[in-house]
Amino acid sequence: MTNLSLRQRLTGLAGLLSFSLLLLTWILLVGANRKFERQNKDAILTAVSRELMEEMEPWQTADGDFPEMLEEIEEAIDITAERLAVLRVRNGEVVARSHPRDPNWPADSEDWLTTTLPYHGEQLVVALYYAESRDMLKQQAVVLGMAALCCFLILTAATWLLVGRVLSPIGKLSRQAKAAESDLGTRLIPPSTDSELVELVSTFNQFLANLTRTSEMRSRFYSAASHELRTPLQALSGHLELALSKERSAEEYRRSLEEATEQTQRLIRLTQDLLLLNRLETSSQAKPQTLDLADYCENSWSLLAQQAEAKNLQVDMAWQQECEVQTSPSYLTSLCRNLLENAVKYATPGGRLEIRVRQGEFRVYNDCPPIEAEDFNRLTEPFFRPDLSRTGSTGGNGLGLSLVSAIAHHEGWQLQLHQTRDGFEAVLTVPDKP
Numbered sequence: 000m001t002n003l004s005l006r007q008r009l010t011g012l013a014g015l016l017s018f019s020l021l022l023l024t025w026i027l028l029v030g031a032n033r034k035f036e037r038q039n040k041d042a043i044l045t046a047v048s049r050e051l052m053e054e055m056e057p058w059q060t061a062d063g064d065f066p067e068m069l070e071e072i073e074e075a076i077d078i079t080a081e082r083l084a085v086l087r088v089r090n091g092e093v094v095a096r097s098h099p100r101d102p103n104w105p106a107d108s109e110d111w112l113t114t115t116l117p118y119h120g121e122q123l124v125v126a127l128y129y130a131e132s133r134d135m136l137k138q139q140a141v142v143l144g145m146a147a148l149c150c151f152l153i154l155t156a157a158t159w160l161l162v163g164r165v166l167s168p169i170g171k172l173s174r175q176a177k178a179a180e181s182d183l184g185t186r187l188i189p190p191s192t193d194s195e196l197v198e199l200v201s202t203f204n205q206f207l208a209n210l211t212r213t214s215e216m217r218s219r220f221y222s223a224a225s226h227e228l229r230t231p232l233q234a235l236s237g238h239l240e241l242a243l244s245k246e247r248s249a250e251e252y253r254r255s256l257e258e259a260t261e262q263t264q265r266l267i268r269l270t271q272d273l274l275l276l277n278r279l280e281t282s283s284q285a286k287p288q289t290l291d292l293a294d295y296c297e298n299s300w301s302l303l304a305q306q307a308e309a310k311n312l313q314v315d316m317a318w319q320q321e322c323e324v325q326t327s328p329s330y331l332t333s334l335c336r337n338l339l340e341n342a343v344k345y346a347t348p349g350g351r352l353e354i355r356v357r358q359g360e361f362r363v364y365n366d367c368p369p370i371e372a373e374d375f376n377r378l379t380e381p382f383f384r385p386d387l388s389r390t391g392s393t394g395g396n397g398l399g400l401s402l403v404s405a406i407a408h409h410e411g412w413q414l415q416l417h418q419t420r421d422g423f424e425a426v427l428t429v430p431d432k433p
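Sequential numbering from 0 applies to the sequence shown in numbering that gives the first Met the number 0.
Shown next, in the form of structure tokens:
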């Protein structure tokens with residue numbers, strides 16, 4: 000079954016509503032006309048009956064006297080346009096009538112409305128001709144029905160045109176969106192000045208912009224990942240080929256194997272970081288535990304102390320014990336290691352390094368050269384380095400702050416990066432668990 004378009008559904012709904020309202024109006028009007036006409040005829044019968052009883056005494060009741068009597072009554076109550084009849088009934092038989100064509104008694108036709116009056120042991124039957132009124136009501140019902148049908152058709156056609164006009168900007172917008180399938184850089188133009196459509200186009204353009212940025216980031220990610228994987232693989236292959244190119248001493252073989260092991264460890268570290276980043280981005284839930292942030296920071300710093308000493312950094316550390324957080328041990332280990340490692344690697348030699356740990360906050364500051372504003376906004380992008388010239392000296396794979404940001408987002412924590420006049424500061428805020 001083919002799905003109906005929005006235009007068809009709206010037109011059908013409007014048509015159904017208008018048809019229901021017109022049908023209800025037609026029923027009410029026809030019923031009201033019939034009711035009012037019947038009430039009018041009954042009122043005429045009542046008035047004629049009252050006048051007849053008042054005027055009956057001075058008149059004879061022979062057949063020839065009824066027409067003159069009715070004329071007087073019709074003129075008295077101003078109903079000369081109506082067709083009236085009076086029958087005198089004795090013992091169920093008509094003994095006198097106002098006209099030979101008057102109905103029999105009991106009335107054998109629905110064309111007459113009657114009322115019966117007692118008169119000296121007899122009955123006077125007053126009859127009012129109703130067939131013409133009934134035919135007129137039928138004609139009125141037909142006319143009203145035709146008018147309602149015409150109104151229904153006109154309203155349906157008008158609704159179809161109006162809905163089409165209202166929805167036409169959406170069709171234009173749809174065609175623009177289809178054109179944007181092959182070019183994410185395309186931006187939609189509002190097909191009208193309606194605030195709803197302008198807001199929709201703005202939202203869609205924002206979505207396209209985000210999609211473009213995501214696509215560009217993915218492209219850069221693949222390119223950088225390939226580069227990061229290729230570099231240690233080429234180095235590993237080079238060391239092994241060099242070692243096998245000729246006979247060497249045991250010491251030379253040892254150096255080659257140590258260099259190969261170093262590149263292998265670099266590959267393992269990169270692979271582990273990529274797996275962790277993917278697990279975080281796919282919202283894989285790890286079993287949380289109550290951990291001491293200060294202990295994990297202290298353990299991570301113990302592995303970096305020699306590097307800090309080699310760069311002659313002025314380290315100022317202060318951490319409060321028993322700073323409990325709810326998270327996975329692997330997440331907290333990676334976060335502390337990468338945040339501290341990033342500060343040590345990129346700190347200015349001989350510069351200042353501050354580490355502060357207290358309940359609900361982890362702050363790391365290091366002196367470093369200024370970072371361009373455009374580069375600063377991309378610091379948490381995987382494999383991004385603001386200064387490629389220092390890659391060889393600092394090492395790393397460009398995933399440090401990306402992992403820190405991903406872990407913070409995954410755990411509902413807040414990571415803020417600030418650039419000061421002399422350096423760089425990262426502040427991790429851990430809200431209290433309810």
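Note that beta-carbon positions come from the ideal geometry of N, C-alpha and C, so glycine has one too.
Status (buried if at least 16 other CB within 10 Å, exposed otherwise) for residue i
| i | result |
| --- | --- |
| G91 | exposed |
| Y330 | buried |
| C409 | Reading off the sequence, residue 409 comes out as His, not Cys. By the neighbour-count rule (16 or more Cβ atoms within 10 Å), H409 is buried. |
| F382 | buried |
| S173 | exposed |
| Y252 | exposed |
| A317 | exposed |
| S225 | exposed |
| G120 | exposed |
| E380 | buried |
| A178 | exposed |
| S248 | exposed |
Residues that residue i bridges to, as DSSP identifies them
| i | result |
| --- | --- |
| T113 | A126 |
| V88 | V93 and Q122 |
| H417 | E424 |
| Y364 | E353 and E424 |
| D291 | E323 |
| L83 | L127 |
| W318 | V356 |
Three-state secondary structure assigned by DSSP to residue i
| i | result |
| --- | --- |
| I43 | helix |
| L207 | helix |
| I188 | coil |
| V141 | helix |
| G170 | helix |
| A425 | strand |
| E246 | coil |
| T436 | Nothing about residue 436 can be reported from this structure: the residues present for the chain run from 0 to 433 only. |
| Q175 | helix |
| A346 | coil |
| D431 | coil |
| Q313 | strand |
| L15 | helix |
| K436 | Nothing about residue 436 can be reported from this structure: the residues present for the chain run from 0 to 433 only. |
| D440 | Residue 440 lies beyond the residue range present for the chain, which begins at 0 and ends at 433; the question has no answer from this structure. |
| T230 | helix |
| T281 | coil |
Nearest-angstrom Cα separation, counted from residue j out to residue i
| i | j | result |
| --- | --- | --- |
| V324 | Q271 | 23 angstroms |
| R265 | R229 | 11 angstroms |
| A405 | S301 | 24 angstroms |
| A176 | H417 | 39 angstroms |
| E255 | N376 | The residue asked about is misnamed: residue 255 is Ser in this sequence, not Glu. Spanning the two alpha carbons is a distance of roughly 40 angstroms. |
| L36 | T155 | Sequence check: residue 36 is Glu here, not Leu. Their Cα atoms are separated by approximately 33 angstroms. |
| Y128 | V142 | 23 angstroms |
| A13 | A157 | 10 angstroms |
| N341 | A309 | 15 angstroms |
| Q38 | S132 | 12 angstroms |
| L352 | C296 | 14 angstroms |
| L447 | Y345 | Here the chain covers residues 0 to 433 and nothing more, so residue 447 does not appear. |
| Q313 | E424 | 15 angstroms |
| R87 | E50 | 16 angstroms |
| K34 | L27 | 10 angstroms |
| G30 | Q138 | 13 angstroms |
| L303 | E215 | 34 angstroms |
| W159 | F18 | 15 angstroms |
| T326 | D291 | 10 angstroms |
| E269 | E261 | It should be noted that the sequence gives Leu, not Glu, for residue 269. Straight-line Cα distance between these residues: approximately 12 angstroms. |
| Q319 | V426 | 16 angstroms |
| N2 | L210 | 30 angstroms |
| G391 | V200 | Only weak support is given to the placement of G391: the predicted model assigns it a pLDDT of 44, under 50, and the question is left unresolved by the model. |
Heavy atom of the ligand FMN within 7 angstroms of residue i beta-carbon
| i | result |
| --- | --- |
| T332 | What this structure holds is no ligand at all, so the ligand FMN is not there to describe. |
| Are there three or more Cβ pairs, one per stretch, closer than 8 angstroms when the segment 235-246 is compared with the segment 350-364? | Flag = no, the segment 235-246 and the segment 350-364 do not touch.
| field | At least three beta-carbon pairs within less than 8 angstroms, the segment 166-176 to the segment 186-196 | value | The segment 166-176 vs the segment 186-196: in contact.
| Are the segment 231-238 and the segment 199-211 touching by the rule of at least three beta carbon pairs closer than 8 angstroms? | Fewer than three beta-carbon pairs drawn from the segment 231-238 and the segment 199-211 are found closer than 8 angstroms, and the two stretches are therefore not classed as touching.
| Three or more C-beta pairs below 8 angstroms linking the segment 113-131 and the segment 144-158 | Taking 8 angstroms as the limit for Cβ pairs, the verdict is that the segment 144-158 does not touch the segment 113-131.
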